[in-house]
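In our numbering, the protein residues as written are 3 to 304. Each residue gets a CB set at the ideal place from its N, CA and C atoms; glycine is no exception.
So this is what it looks like as structure tokens:
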């Protein structure tokens, strides 16, 4: 149970999926939720969704979303994935299990996540990483945010594994990209899923091998999401916020962030307006930061 709330009141969770550069769309989605006064009791996120999620959880406000917009608009592919001195082909030819070092991403996180411990967020926040040896999810809500964010976004083959407490971890999307069952276990009765794409992937272009791999990865995650929604039918209200616009943007193309943010707001506002009666919006609990952040009831890594 979340501190300060009774189970009978019901809890609302935001889940922010992974999606790489397409994660810019989640800034627009969050803005649309804020404009409608739909608020979360806690946030779950994976990969880029964890980065957006923890940024918002630190200070859930319009000002934070404005700052996030600025961050996305000023971010480029080369800033996060610096070009190799001898070209990317040379990187692929090297005998190591990843293409890009994570030093630039680490600097980006340090520059943009101004807390020393994940427990300092105003809204409870949990992110997912995957144990590289067992495939089991590690659910992280306390500790070093830099290590946690590097781990949850460590896409196999692209970025190096991250060591924590003697174990190595990779992208949380491998084990639980959209932790819907976890949200239900934590007491959520309403869940908004901020998806960096659409449930139907038909017609998505795959012009390069890496895009074909990532799209296949996305298909597997969506199959899991559909199964989890079916498992929770009648128990939890699930609102999947989709973005056809995000699905149209090529992987690693950071030049479309403004387009994605605007499209995310527009698409989400339309979806929220069409919600049936019975989906709570919790108006009037305005975005204020409590002096003491509530804690997620997490006792084990699983």
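Using a Cβ distance threshold of 8 angstroms, residue 34 and residue 267 count as a contacting pair. Residue 176 is positioned such that its CB atom lies closer than 8 angstroms to that of residue 132.
The continuous beta strand (DSSP E) containing residue 129 extends over residues 127-133. For the alpha helix (DSSP H) assignment, the uninterrupted runs of no fewer than 4 residues enclosed by the stretch 202-277 are, from N- to C-terminal side, 211-233, 246-249 and 259-275. Rounded to the nearest whole angstrom, the CA to CA distance from residue 234 to residue 226 is 12 angstroms. The three-state reading of DSSP puts residue 122 in helix, counting H, G and I together. Nearest in C-alpha terms to residue 112, of all of 182, 147, 153 and 188, is 147.
Residue 104 sits buried, since 16 or more C-beta atoms from the chains shown fall within 10 Å of its C-beta. Inclusion of residue 178 and residue 139 in the CB contact set at 8 angstroms is warranted, their separation being smaller than that value. Residue 110 sits in a helix when the DSSP states are folded into three classes. The bridge partners DSSP lists for residue 69 come to none. Secondary structure of residue 164 (DSSP, three-state): strand. In this structure residue 53 does not touch residue 108 by the C-beta definition: roughly 12 angstroms separates them, more than the 8 angstroms allowed. Judged by their CB atoms, residue 187 and residue 193 are not nearer to each other than the 8 angstroms cut-off.
Residue state for residue 79 is assigned as helix, using DSSP reduced to three classes. Distance from residue 27 to residue 250 at the Cβ level is roughly 11 angstroms; contact not present, criterion being Cβ atoms closer than 8 angstroms.
Distance check between residue 117 and each of 141, 159 and 150 places 150 closest, using alpha-carbon atoms only. In the assembly as shown, residue 155 is a buried residue. Its beta-carbon has 16 or more other beta-carbons within 10 Å. Nearest to residue 213 by alpha-carbon distance, out of 252, 221, 243 and 240, is 252. DSSP places residue 147 in the helix class (H, G or I) of the three-state scheme. Listed in chain order, the non-local C-beta contacts of residue 269 below 6 angstroms within the same chain comprise 245, local neighbours out to five positions each way being set aside. The C-beta distance from residue 24 to residue 262 rounds to 7 angstroms, short enough to meet the 8 angstroms contact threshold.
About 6 angstroms separates the beta carbon of residue 77 from that of residue 256, a gap short enough to meet the 8 angstroms contact definition. Annotated as distal: residue 277 and residue 238, with beta-carbon spacing of 8 angstroms or more. Distance check between residue 129 and each of 247, 16, 279 and 248 places 16 closest, using alpha-carbon atoms only.
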